[in-house]
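Working notes, structure below.
Chains as they are written, first to last, in the working numbering: chain A, 1 to 206; chain B, 207 to 395.
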C-alpha cells in the first residue's frame, strides 16, 4: 500500500460513526419487542379520520367493462361452493316438454278409448254390452303404442349453485327413453331418445 | 347495464364484489400510476389474470387470497408500465403531454367528495401524492385497503416491521402536511 493510501486510511480511522437518534432507537427497541406494528392512540385517531374519506367509486363504463371481463368466470364462495356463470348455470328442476312421451300418452289414450267404444257405436249413445264387447283389433298396418319406458344412462355431479339462500348440488341425469309400437301384422317399431334432466339436491351446511 | 334478475349467480356475485372492492383497488392503482387511464388498465389486467387463474383452477387459496394477489399484481403491472413509459419519454418530447395529463387528472378525484369537505379531500389527495411513494402505498393499503402490516409486507416484499415503520413515517409526514393546511385555515381534518 502506498503512502497516500496509508494517510487516507489514518484519516478515516479517526472518524466516528454518528450515534443512532432516539427515534431510530425507539423503533429498534419496538421491533425487538414485537410492538412496532402496534399503533399509538394518536395514530389510530388520525387513521380513523382518514378512513372517513371513501375512495371514489369506479366510473360506470369502467365498472361495466370489468363486469364483462368477469362474466364468464365462476365465482367461488367457498372450498366446495362455486357460483355458476350464465353459460353453465343449472336450470330449475322443471320437467321439460317431452314430445315422445306426450305422443305415446296420446296414442295410448286413443287406443284405450277405441277399446271401450263398441264397433259401429260411433256417434250413437250406447250404455250396454260394453264389457262383453270383443276387443277390437287394430287396423291392419296401423301402429299402436305397445310399451314405453326409460332408464338412467348416466348421472354426474355438476357442482354447486346458490339458490334460495342455500347451496344446492346439481346432478345431471341422462335418461334413455324408449317407446315401442306394434301393428296388426305383429311388426314392432322401437324408438329411442336421450333426455337430460338437472336435479337440485340441497347441500348440507355445517 | 343488466338488471339483477338477468344476471347469472356468478355475475351477480362479481357485481357485489366489484362494488365492495373495486374502489379501493382503483385507489391503489391510482397511487401506483400516473393517470386514471393507466390505473384502470392495470386494474383490469390484474383482474383478468385473477379470472384466468380461477377459470383454470390454478389459483391457490380461497376468496380471502384474492385481494393480496390483486395488490401484488397491480404493483407489478404498474412497475412494468412505468418502465415502458420511461423508455417512451426518453424517445419523445412529452412536456406538453405532462401538463395535459395533470389537467386531466384533476377531473378524476381519488376520493368521494361531498360539497362540505371538498377542500379537505383535495388537500388530502395532494398530500398523499406528495408523499414518497413507498410511504403512500402502505398508507393506502392499510387505511383504505384494510390490509394488515403482515399482508402489506407480503404484497410489497418487505417485512411487517418495515411496513409498519413506513406507515408511521408516512402518517407523520401526512400529518405535517395536513397540519400546515389546517394552520392556513383551509382544512377541517
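Don't be surprised by glycine CBs; every beta carbon is placed ideally from N, CA and C.
query, result
"Opposite residue 341/B in the DSSP bridges: which residues?", "Answer is none; residue 341/B lacks a bridge partner."
"So who's on the other strand from residue 157/A, going by DSSP bridges?", "171/A"
"Just to make sure I have the definition right: I need the residues of chain B whose C-beta is within less than 8 Å of the C-beta of residue 55/A. Which are they?", "229, 230, 232, 233, 316, 317, 318, 350"
"So for residue 289/B, helix, strand or coil by DSSP?", "helix"
"On a Cα-Cα basis, can you pick out the residue from 378/B, 327/B, 383/B that is closest to residue 44/A?", "378/B"
"In three-state DSSP terms, what is residue 336/B?", "helix"
"Taking three-plus beta-carbon pairs below 8 Å as touching, is the stretch 274-290 of chain B in contact with the stretch 228-246 of chain B?", "yes"
"Among 355/B, 252/B, 385/B, which has the Cα closest to the Cα of residue 374/B?", "355/B"
"Identify whether residue 385/B lies in helix, strand or coil by the three-state DSSP scheme.", "helix"
"So which of 337/B, 336/B, 361/B, 335/B has the shortest CA-CA distance to residue 347/B?", "361/B"
"If we call anything under 8 Å between Cβ atoms a contact, is residue 172/A one with residue 160/A?", "no"
"What are the start and end residues of the alpha helix (DSSP H) that includes residue 203/A?", "Segment: none, residue 203/A is in no alpha helix (DSSP H) and carries neither H nor E."
"Using the Cα positions of residue 32/A and residue 273/B, report the straight-line distance between them to the nearest angstrom.", "30 Å"
"Flag this pair as yes or no: are the beta carbons of residue 259/B and residue 336/B separated by less than 8 Å?", "no"
"Is it buried or exposed, residue 10/A, if we count other Cβ atoms within 10 angstroms and call 16 or more buried?", "exposed"
"Is there at least one Cβ from chain A nearer than 8 Å to residue 371/B's Cβ?", "yes"
"Sort 271/B, 288/B, 219/B by Cα distance to residue 244/B and report the nearest one.", "288/B"
"Report the residues of the stretch 26-47 of chain A with a CB closer than 7 Å to any CB of chain B, ordered along the chain.", "27, 31, 36, 37, 43, 46, 47"
"Interface residues of chain B around residue 65/A at Cβ under 8 Å?", "250"
"According to DSSP, is residue 219/B part of a helix, a strand, or is it coil?", "helix"
"Does the beta-carbon of residue 367/B have 16 or more other beta-carbons within 10 angstroms, so that it is buried, or is it exposed?", "buried"
"Name the residue from 331/B, 266/B, 350/B, 249/B whose alpha carbon lies nearest to the alpha carbon of residue 67/A.", "249/B"
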